[in-house]
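In the numbering used here, the protein residues as written are 3 to 312.
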Ligand code: FAQ
């Protein structure tokens, strides 16, 4: 089949809502679009372990330490499912890591902010995982089979993560005035970067055109951001936190919250390497990747040995 025939047959499948599987023919641009998005998603999960890992040794109780450890391990697992899904598109793990280290591949803006105290662990679970779920529930119906199936499993785990974060915030809001102030301060610092997680406004989103045509995206950046805001404002009210947005108000006609303008200059700085922690996050990943080389070599030598025995 020539390229046009392949593209037509492919689009017909997409239009019928059929999943595309690794061995199916697909246009080169679809393959590259998915490699970009899935690998960036995987990098986000793995880099996202750093701000939380910072608090494992300082968790305030054995229970909270166990929960945090389990959550961070889940994030590592999500990274692994996603790297595997991307590998089915013909890119190796080494190439993806190389793209991360060279700055060619992005990862979520949110993980370039520091986690300063225990309330930040609550805010990350509640807001960051909360935003991630809204986006990922929609991706459960993405057109590429391995990505869609990874999302189903990831969403189940993320909902526990969101609840553990909300529990931390709710408990702090029942505590002393200092604890309440810490929770509100964390809310103030994480709210706006969480809204940025959904990406630029639809009118400024260059990848959305093809993403919709190929049903990689099922809902737009702005639609998902709005869904997150509407859900989260109510959760904040229940525990007595206020949203740091003076322009936030209920729009009776549209039945959703209007919100203030997002600082896109900050977003662009952060996703292009100039956020508060970008350099630290990458230096940490490179250091431990290099120090772990012997583990990868040992695993490969063991596999070679097993293959020789069989
Ligand atoms: N951060 O044209 P669009 C998690 C880039 S998982 C950085 O709208 P698209 C779990 C975008 O890549 C969180 N860069 O792009 C967890 C593009 O640049 P490029 C990760 C961003 O792909 C919790 C440019 O801007 N989730 O948190 C961001 O159609 C706690 C133009 O944007 C996913 O990755 C951003 N926020 O839509 C772990 C979900 N937004 O690549 C640990 C899957 C945009 O052309 C602890 N990804 N950019 O150079 C997606 O759904 C989409 O890729 C979007 C962006 C919606 C993120």
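Glycine residues also receive a C-beta, built at the ideal position from the N, C-alpha and C atoms. Fair warning: this is a prediction, and the values are worked out from it, not measured in the lab.
Tell me whether the beta-carbon of residue 40 lies closer than 7 Å to the beta-carbon of residue 107.
For the purposes of this step, residue 40 is taken as the residue at position 38 of the chain shown. For the purposes of this step, residue 107 is taken as the residue at position 105 of the chain shown. Going by C-beta atoms, residue 40 is not nearer than 7 Å to residue 107.
Put residue 218 into one of helix, strand or coil per three-state DSSP.
Numbered from 1 along the chain shown, position 216 holds the residue referred to as residue 218. Coil, per DSSP.
With a 10 Å radius around its C-beta and 16 neighbouring C-beta atoms as the bar for buried, classify residue 192 as buried or exposed.
For the purposes of this step, residue 192 is taken as the residue at position 190 of the chain shown. By the 10 Å Cβ count, residue 192 comes out buried.
When DSSP labels each residue in this structure, what does residue 251 get in the three-state scheme?
Locating residue 251 in the chain shown gives position 249, counting from the first residue. Of the three classes helix, strand and coil, the one that applies to residue 251 here is strand, per DSSP.
To which residues does DSSP link residue 232 through a beta bridge?
Counted from its first residue, the chain shown places residue 232 at position 230. According to DSSP, residue 232 bridges with nothing at all.
Could you tell me which uninterrupted alpha helix (DSSP H) segments, each at least 4 residues in length, are contained entirely in the stretch 131-193, listed from first to last along the chain?
Counting only runs of 4 or more, we get 131-141 and 147-175.
How about residue 108: is its Cβ closer than 6 Å to a heavy atom in the ligand FAQ?
In the chain shown, counting from the first residue as 1, residue 108 sits at position 106. For the ligand FAQ, at least one heavy atom lies less than 6 Å from the Cβ of residue 108.
Beta-carbon within less than 6 Å of residue 83's beta-carbon, same chain only, minus the 5 sequence neighbours each way: which residues are those?
Start at 1 with the first residue of the chain shown, and residue 83 comes out as number 81. Once the five neighbours on either side are set aside, the close Cβ partners of residue 83 are 152.
Kindly list the residues whose CB is nearer than 7 Å to the CB of residue 112, restricted to its own chain and excluding five residues on each side of it in sequence; keep chain order.
For the purposes of this step, residue 112 is taken as the residue at position 110 of the chain shown. Excluding positions up to five away in sequence, the list reads 130, 195, 196 and 199.
Assign residue 260 to one of three DSSP states: helix, strand, or coil.
Position 258 of the chain shown, counted from the start, is the residue given in the question as residue 260. Residue state, collapsed to three classes: strand.
Would you list the one or two residues that DSSP bridges to residue 22?
Taking the first residue of the chain shown as 1, we reach residue 22 at position 20. 146, per the DSSP bridge assignment.
Verify whether the separation of the beta carbon atoms of residue 54 and residue 69 is less than 7 Å.
In the chain shown, counting from the first residue as 1, residue 54 sits at position 52. In the chain shown, counting from the first residue as 1, residue 69 sits at position 67. No, these two residues do not count as a Cβ contact at 7 Å.
When every heavy atom of the ligand FAQ is checked, does at least one fall within less than 6 Å of the C-beta of residue 195?
Translated into the one-based positions of the chain shown, residue 195 becomes position 193. No, since every heavy atom of the ligand FAQ falls outside the 6 Å radius drawn around the Cβ of residue 195.
Roughly how many angstroms lie between the CA atoms of residue 297 and residue 96, to the nearest whole one?
Within the chain shown, numbered from 1, the residue matching residue 297 stands at position 295. Within the chain shown, numbered from 1, the residue matching residue 96 stands at position 94. Those two C-alpha atoms are separated by around 14 Å.
Looking at the secondary structure, which residues open and close the alpha helix (DSSP H) in which residue 306 lies?
Start at 1 with the first residue of the chain shown, and residue 306 comes out as number 304. That run of the alpha helix (DSSP H) goes 295-311.
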